[in-house]
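Under my numbering, the letters of the first sequence match residues 1 to 557, in that order. One structure is given below, encoded as C-alpha cells.
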Amino acid sequence: MKEAIAGILKKALKELKVDLKKEEIERFLETPPSSDMGDYAFPCFFLASKLKQEPSQIALEIRGKIGTAPEDFESIQTSGPYINFFLDRKKMAVDLVRSILAKKDNFGKIDIGKKQKALVEHTSINPNASPHVGRVRNAIIGDSIVRILEFVNFKPEVHYYVNDVSKQIAMLVLAKAEKLKFENMLKKYIQISKKVKKSEKLEKQVFELLRKFEDGNRETVSKFRKITKTCVKGQKEILSEIGINYDYFDYESDYLSKAKDVFLKLSKTKKLHKDKEKRFYLDQKSTPVEKKMKSPVLVLTRSDGTGLYPLRDIAYTLDKLKKSGKNIIILGEDQKLYFLQINEALKLLGQASPEVVHYSFILLKGKGKTKKMSTRKGDIVLLSDFLDEAIDKAKKAISKRETKGDPKNVAISAIKYSILKNNPNKAILFDLNEALNFEGDTGPYMLYSYARASSILRKAKKAKKQSKLRQLEPKEIELISKLSQFQEIILNSYKNLNPSLIANYSYQLAKIFNEFYHACPVIGSPNESFRLSLVEAFRIVLKNSLSLLGIETLERM
RNA sequence: AGGCUCGUCGUUCAAUGGACAGGAUAUCCGGUUUCGGCCCGGCUGAUGGGGGUUCGACUCCCUCCGAGCCUACCA
C-alpha cells in the first residue's frame with residue numbers, strides 16, 4: 001500500500017519539479033496519530049526549503065496535482081502541512097479480518113530468523129537463594145525475548161548459567177548447609193554472609209574451600225554440588241511455576257579447564273601482566289573502558305593463583321559463540337561496565353560479542369526512601385511470597401465477579417505485565433500494593449478484555465450468512481486500525497529487543513476493544529456477522545500479543 | 001572524583017525529531033447504589049533549571065541540579 005501511495009506522490013512531485021525516488025518517499029510516510037486523520041500521512045516540511053514555500057501551501061499544491069483519488073482510496077485530504085490518505089476502509093477491514101481469521105496463531109509472524117539458531121542466556125541467578133522480584137525482571141524479560149525470537153522465526157535455545165564456582169556457595173559449605181532445604185537456604189546465607197564479613201579468619205577458610213573445589217577435592221566438590229543442586233532445583237521450580245523454562249543449565253565449574261586455555265591464549269597477547277601481589281590482569285588501557293574506571297584492568301586470577309569469574313565467563317561465552325552467531329544475553333545494569341570489559345577481552349581473541357539487554361533494578365518503596373533489593377541484606381520481596389499473595393488477591397477478585405477463572409493465571413499475568421510494561425532501562429519503583437492492583441493498566445485487565453470477547457462469541461447464535469457490510473462506526477475503524485499495526489509493533493520490538501512495546505500495544509488494543517463493544521453492540525446488530533469476526537480477530541491478535549509476553553489468556557474470568 | 005543510565009500531571013508509566021504531550025491511579029464533581037466499599041461519566045493537573053541545533057525538541061548537543069548503578073583479587 002505504501003508503495004502505491006509513493007507512486008502517486010512521485011508523479012505529483014515531478015510536476016512540481018521535485019524528483020524523488022519511490023523508496024525515499026516511502027520513508028517519509030507515517031501513520032497519523034488518530035484514525036480520523038487518515039491511514040497514511042505525508043508531511044511536507046522537508047520540501048519547504050527546496051520550493052521556498054510554506055509547507056501547508058506545498059501540501060495544497062501537491063494535492064491539486066494528484067487530482068481525483070484513485071481506486072482503493074476513499075479520499076486524499078490535506079490538513080495543514082500533511083497530506084492524509086484515507087483508504088477504502090470497508091475493503092481494508094474485510095481483508096484484514098479475513099487474513100487474521102485465516103492465519104490465527106501465525107498472524108503477525110515475519111520470517112527474519114530463517115530458522116537460524118539463536119542462543120539466549122537469561123536469569124542466571126546465583127545458586128544460593130530463592131529468586132527475588134528484582135532478579136525475576138531478568139527472567140521475565142529474557143523469556144519474552146525468547147518468545148519474540150521464536151515468533152520472527154528463529155530457533156531459540158534458552159541457557160541458564162549456574163555460577164557454582166563461587167564465594168557464595170563456599171560460604172554455604174562453610175556453614176554446613178548441604179542438607180538444608182531450599183526454603184531455608186536464604187536465611188543461612190544471610191547469617192554466614194554477615195559472619196564472614198566480620199572475620200578475616202572465616203574469609204580465609206572460604207577461599208581455602210574454593211581452592212579445594214577448583215583442585216577437584218572429592219569431598220569438597222560433593223558438598224558444593226549438593227548445595228548447588230538444591231538451589232538450582234528450587235529456582236527452576238519456582239520459575240517454572242510462572243511459565244519460564246530453560247533448555248540448558250550450563251555449569252560454571254565445567255569451564256574450569258577451558259578457562260585455563262583462555263588464560264594461555266590471553267597470555268600471548270602481551271596485554272596480560274602480573275602485579276606485585278602476583279595477580280594476573282589484562283591491561284585495558286587504550287580501549288573504550290579506559291575512561292570509565294580508575295584503573296582500566298580486568299583481573300583474572302587471585303594472588304593464590306585461583307581463577308576469577310571473568311576467565312570462566314570468557315570461556316563460556318566463546319563456547320556459546322561457537323554454537324551460534326546469534327547470541328543474546330540479559331544482564332542487570334550493574335553489569336554494564338563488566339560486559340564491556342569482557343567484550344574487549346573477546347576482541348583481543350578475535351571474537352565478536354553477544355547482543356545484550358541491560359535492565360535497571362526494581363527499587364523497593366520504603367519509608368520515604370527507595371532502595372535496591374539486596375539478597376545479602378535480606379531487603380527483598382521473594383518471588384514465591386509475591387506469587388502467593390497475588391494468587392490470594394486474584395481469588396478474591398474472581399469470587400467477587402462470581403465467574404470462573406484460574407487465580408494463578410491471573411496472578412502471573414499481573415506480575416509479568418507490571419514488569420514488562422516498563423522500558424527495561426528504567427528503574428521500576430516497586431510498590432507491592434500497586435503491583436497487586438487488578439484495575440487499570442494491568443495484566444488482569446487484559447485477560448478480562450479477552451474473556452469478555454470470548455463471552456460475546458459464546459452468546460452469539462450460529463453465524464448468519466454474511467450480509468452486506470454497512471458503514472463502519474468510528475470505534476470499529478479504530479479497532480481495525482490498531483489490529484493492522486500488530487506486525488509493525490513486533491518488528492520494532494524485535495529490533496530493539498524490547499518487550500515493553502508489545503505490552504503497551506496490548507493495553508491500547510484491549511482499551512480500544514472495550515470502547516468498541518460499549519459503543520457498538522455486537523449481537524443483534526445489522527452488522528452482526530462482521531462484528532463477530534472482528535471480535536474473533538481481536539481475540540486472536542490479543543492472544544498472540546500476550547503470549548509474546550508469556551501471559552496465557554483465559555476463556556472466562 | 002570520573003563514567004553509564006534516568007529526570008514528564010500529586011503518584012506511577014507512554015509518546016520511530018512531527019499534528020492538541022497520552023494513559024493508569026489519587027483528588028475533586030456528578031450519576032448509579034440498602035452502603036463514603038462496586039460500577040459509569042466528567043473536571044483539574046506535567047516535560048528539573050538555563051542555553052543551543054532545527055521549519056519543528058520530552059526526544060539531539062552543551063551546561064547546571066537531582067536520583068540510581070559502576071569504577072582490581074564478588075559473581
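Don't be surprised by glycine CBs; every beta carbon is placed ideally from N, CA and C. Values in this document were obtained by computation on a predicted structure and should not be read as measured data.
Taking the beta carbon of residue i as the centre, do at least 16 other beta carbons fall within 10 Å, making it buried, or is it exposed?
i: methionine 293; result: exposed
i: arginine 218; result: exposed
i: glycine 524; result: exposed
i: tyrosine 161; result: buried
i: methionine 1; result: exposed
i: glutamate 24; result: exposed
i: proline 526; result: exposed
i: glutamate 434; result: exposed
i: arginine 531; result: buried
i: glutamine 168; result: buried
i: glutamate 476; result: buried
i: histidine 122; result: buried
i: glycine 368; result: Note on glycine 368: pLDDT 42, under 50, position unreliable in the model; no value is reported.
i: proline 304; result: The sequence shown places aspartate at residue 304, not proline. Under this definition aspartate 304 is an exposed residue.
i: leucine 382; result: buried
i: valine 127; result: The sequence shown places proline at residue 127, rather than the valine named in the question. So proline 127 counts as buried.
i: lysine 543; result: buried
i: glycine 350; result: exposed
For residue i versus residue j, is the C-beta distance shorter than 8 Å?
i: leucine 457; j: valine 535; result: yes
i: valine 262; j: leucine 282; result: no
i: phenylalanine 85; j: isoleucine 5; result: yes
i: aspartate 441; j: lysine 421; result: yes
i: leucine 9; j: phenylalanine 42; result: yes
i: leucine 340; j: histidine 358; result: no
i: leucine 337; j: threonine 317; result: no
i: leucine 564; j: leucine 51; result: Given a span of 1 to 557 for the chain in the structure shown, any question on residue 564 remains unanswerable.
i: phenylalanine 182; j: serine 130; result: yes
i: serine 506; j: methionine 446; result: yes
i: valine 410; j: proline 354; result: no
i: glutamate 478; j: serine 35; result: yes
i: glycine 113; j: phenylalanine 154; result: yes
i: cysteine 231; j: methionine 185; result: yes
i: leucine 491; j: isoleucine 110; result: yes
i: arginine 279; j: arginine 302; result: yes
i: leucine 363; j: leucine 266; result: no
i: lysine 416; j: isoleucine 328; result: no
Given this structure, state the Cα-to-Cα distance separating residue i from residue j, to the nearest angstrom.
i: isoleucine 192; j: asparagine 138; result: 26 Å
i: aspartate 143; j: leucine 554; result: 20 Å
i: arginine 27; j: phenylalanine 438; result: 41 Å
i: alanine 537; j: isoleucine 100; result: 6 Å
i: phenylalanine 73; j: proline 474; result: 17 Å
i: glutamine 57; j: arginine 539; result: 44 Å
i: histidine 159; j: glutamine 116; result: 16 Å
i: valine 541; j: lysine 22; result: 31 Å
i: alanine 510; j: proline 33; result: 18 Å
i: tyrosine 255; j: alanine 315; result: 7 Å
i: isoleucine 412; j: leucine 387; result: 7 Å
i: glycine 307; j: phenylalanine 224; result: 17 Å
i: asparagine 245; j: leucine 239; result: 7 Å
i: lysine 103; j: valine 97; result: 10 Å
i: alanine 259; j: threonine 31; result: 52 Å
i: lysine 326; j: aspartate 105; result: 25 Å
i: serine 286; j: histidine 273; result: 16 Å
i: serine 399; j: leucine 549; result: 26 Å
i: serine 75; j: isoleucine 489; result: 27 Å
i: serine 222; j: phenylalanine 207; result: 17 Å
i: aspartate 215; j: serine 257; result: 11 Å
If contacts are defined as beta-carbon pairs under 8 Å, then residue i and residue j qualify, I think. What distance do you get, rounded to the angstrom?
i: alanine 93; j: leucine 472; result: 6 Å
i: proline 424; j: serine 545; result: Contact doesn't hold; Cβ gap of about 18 Å is too wide.
i: tyrosine 251; j: aspartate 164; result: 6 Å
i: glutamine 77; j: glycine 134; result: Not confirmed; about 51 Å, so no contact.
i: alanine 390; j: leucine 436; result: 6 Å
i: valine 173; j: isoleucine 140; result: That pair is no contact at about 31 Å.
i: threonine 220; j: leucine 209; result: 6 Å
i: glutamate 157; j: leucine 119; result: 5 Å
i: alanine 59; j: tyrosine 82; result: 6 Å
i: alanine 427; j: phenylalanine 361; result: 6 Å
With respect to 7 Å, is the separation between the Cβ of residue i and the closest non-hydrogen atom of the ligand HEM below this value?
i: tyrosine 445; result: Looking at this structure, you won't find the ligand HEM or any other ligand, since it has none at all.
May I have a chain-ordered list of the alpha helix (DSSP H) segments no shorter than 4 residues that lie completely inside the region 208-251? 218-241
Mind pulling the alpha helix (DSSP H) runs of 4 or more residues that sit fully within the region 432-514? 432-435, 443-459, 474-484, 486-495
Runs of 4 residues minimum, wholly inside the region 287-360: which ones carry the alpha helix (DSSP H) assignment? 309-323, 336-348
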